[in-house]
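Peer 1: Below is one structure. I have some questions about it.
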Amino acid sequence: MKVKSIFLSSMLYLVLVTGCATNPISGKSQLMLLGEDQDIELGKQYSPEIEKQLGGRIQNTSLQNYLDMVGQRMARVSHKPYFEYTYVALEDDMINAFALPGGPVFITKGMLKKLENEAQLASIFAHETTHVVARHSAAQMSREIGISFALSVASSKASGSAMQVADIASQMIGLSYSRTQEREADIGGLEYMTKAGYDPYEMVKTMQMLEEESQERPLEFFSTHPNPENRIEYIEEEIRMKGYSKPGLKVGADDYKRSVLDELNY
Ligand SMILES: [Zn+2]
Numbered sequence: 057m058k059v060k061s062i063f064l065s066s067m068l069y070l071v072l073v074t075g076c077a078t079n080p081i082s083g084k085s086q087l088m089l090l091g092e093d094q095d096i097e098l099g100k101q102y103s104p105e106i107e108k109q110l111g112g113r114i115q116n117t118s119l120q121n122y123l124d125m126v127g128q129r130m131a132r133v134s135h136k137p138y139f140e141y142t143y144v145a146l147e148d149d150m151i152n153a154f155a156l157p158g159g160p161v162f163i164t165k166g167m168l169k170k171l172e173n174e175a176q177l178a179s180i181f182a183h184e185t186t187h188v189v190a191r192h193s194a195a196q197m198s199r200e201i202g203i204s205f206a207l208s209v210a211s212s213k214a215s216g217s218a219m220q221v222a223d224i225a226s227q228m229i230g231l232s233y234s235r236t237q238e239r240e241a242d243i244g245g246l247e248y249m250t251k252a253g254y255d256p257y258e259m260v261k262t263m264q265m266l267e268e269e270s271q272e273r274p275l276e277f278f279s280t281h282p283n284p285e286n287r288i289e290y291i292e293e294e295i296r297m298k299g300y301s302k303p304g305l306k307v308g309a310d311d312y313k314r315s316v317l318d319e320l321n322y
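For what it's worth, our numbering labels the leading residue of the sequence shown as 57, then goes sequentially.
In structure tokens:
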């Protein structure tokens, strides 16, 4: 009897905290544990540890300001401008970029060196911003780690919790999206980058560059962002279908060289 009532009350708890949120990118509803406030809290709690594990922030204020300025353009035109977006470059030499629930977006030095212009940077940020908006990372977190568990560990003052935080942070870095989520991030990202004034064909070039790099060696970006089939084809098709390519959209090779590549002495 006792077991049954515990079971029932935990069922009731689940019903209360489980909501159906609509994913603005796919238009479908998705089952999601907890709310967007928890996404923001989670991103804030785990950002410092994640930065630490990936070599820390690149210590260059003008470079970081430039990246954040470009990223915030995507945030502003997104479906959820109220999330707390930050766009930060980390010292890591791997070729990677990723997003935490609630808004923190990270890009590695390895990735920055491979990009050629501001629109390509925007394409990466637009893709990651879409993962945040569509709550893909929160969904993967719910499934693989547990959001309330991660939050309770972060707020715990118990000894050993620092180690647990480090462990959860490394799991977050390794969380992998599904190919469907990946495709949504491409499609949503195209919309955001063109709304923000960038040439969408630079997303095609970025994906081509990443695919070429992955011929040489397995790429960290593709281990967390699996390469969907016909990626280049559907991105080009989407650009044509939606009429995204217009004269006057920014590529920004000079700005990128001056603000990023020169600063990295690359
Ligand atoms: Zn992705």
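Don't be surprised by glycine CBs; every beta carbon is placed ideally from N, CA and C. As the structure is a prediction and not an experimental result, all values here were calculated from the model.
For a test of your reading of the model: does the CB of histidine 135 fall under 6 Å from any non-hydrogen atom of ligand 1? Yes or no.
Peer 2: Checking the Cβ of histidine 135 against ligand 1 gives no.
Peer 1: Please list the terminal residues of the continuous beta strand (DSSP E) segment that includes alanine 153.
Peer 2: From DSSP, the beta strand (DSSP E) with alanine 153 extends over 153-155.
Peer 1: Given that a residue counts as buried once 16 or more other Cβ atoms are within 10 Å of its Cβ, and exposed if not, what is tyrosine 312?
Peer 2: Counting Cβ neighbours within 10 Å, tyrosine 312 comes out buried, since at least 16 surround it.
Peer 1: Just the C-alpha distance for alanine 155 and methionine 265, rounded to the nearest angstrom, thanks.
Peer 2: Spanning the two alpha carbons is a distance of roughly 21 Å.
Peer 1: For glutamate 269, which residues from the same chain have a beta carbon less than 8 Å from its beta carbon, with the 5 sequence-adjacent residues on both sides left out?
Peer 2: For glutamate 269, where only same-chain residues beyond five positions count, the Cβ hits under 8 Å are Ile151, Lys170, Leu275.
Peer 1: CB leucine 177 to CB threonine 164, shorter than 7 Å?
Peer 2: Their beta carbons are not under 7 Å apart, which means leucine 177 does not touch threonine 164 by this criterion.
Peer 1: Three-state secondary structure (DSSP) at alanine 252?
Peer 2: Coil.
Peer 1: Name the two residues that bound the continuous alpha helix (DSSP H) containing proline 104.
Peer 2: Start and end: 92-109.
Peer 1: Once DSSP output is grouped into helix, strand and coil, what is the label at serine 65?
Peer 2: Since pLDDT at serine 65 reaches only 46, below the 50 mark, its modelled position is unreliable, and no value is offered.
Peer 1: What first and last residue would you give for the alpha helix (DSSP H) that runs through tyrosine 257?
Peer 2: From DSSP, the alpha helix (DSSP H) with tyrosine 257 extends over 257-272.
Peer 1: Ends of the alpha helix (DSSP H) at valine 188?
Peer 2: Segment 174-189, the alpha helix (DSSP H) holding valine 188.
Peer 1: May I ask you to report which of helix, strand or coil DSSP gives leucine 146?
Peer 2: It is a strand residue.
Peer 1: Where alanine 18 and isoleucine 106 are concerned, what is the direct C-alpha to C-alpha distance, given to the nearest angstrom?
Peer 2: Because the chain here runs from 57 to 322, residue 18 falls outside it and cannot be looked at.
Peer 1: For serine 270, decide whether its Cβ has a neighbour in chain B, counting only Cβ atoms nearer than 7 Å.
Peer 2: Within the model displayed, chain B is absent; a lone protein chain is all it includes.
Peer 1: DSSP three-state label for leucine 70, please.
Peer 2: Residue placement at leucine 70 is poorly supported in this model, since its pLDDT is 43, which falls under 50; the coordinates are not used for a value here.
Peer 1: Cα separation between serine 198 and proline 303?
Peer 2: Their Cα atoms are separated by approximately 42 Å.
Peer 1: So the beta strand (DSSP E) phenylalanine 162 belongs to, where does it begin and stop?
Peer 2: From DSSP, the beta strand (DSSP E) with phenylalanine 162 extends over 160-164.
Peer 1: With hydrogens ignored, establish whether the beta-carbon of tyrosine 233 is closer than 6 Å to any heavy atom of ligand 1.
Peer 2: At least one heavy atom of ligand 1 is nearer than 6 Å to the Cβ of tyrosine 233, so yes.
Peer 1: May I ask which residues mark the beginning and end of the alpha helix (DSSP H) holding valine 221?
Peer 2: 217-230 is the span of the alpha helix (DSSP H), which, as asked, contains valine 221.
Peer 1: Okay, do the stretch 210-230 and the stretch 285-298 touch, 3+ Cβ pairs below 8 Å being the bar?
Peer 2: With the cut-off at 8 Å, the stretch 210-230 and the stretch 285-298 do not touch.
Peer 1: Indicate, with yes or no, if ligand 1 has a heavy atom lying under 6 Å from the CB of alanine 241.
Peer 2: Yes, since a heavy atom of ligand 1 falls inside the 6 Å radius drawn around the Cβ of alanine 241.
Peer 1: What distance in whole Å lies between the Cβ atoms of isoleucine 203 and glutamine 94, which are believed to be in contact at a cut-off of 8 Å?
Peer 2: Contact flag correct, Cβ pair sits at about 6 Å.
Peer 1: Would you kindly work out how many angstroms separate the C-alpha atoms of asparagine 182 and isoleucine 243, rounded to a whole number?
Peer 2: Reading the sequence as shown, one finds alanine at residue 182 and not asparagine. Distance between the alpha carbons of alanine 182 and isoleucine 243 is about 10 Å.
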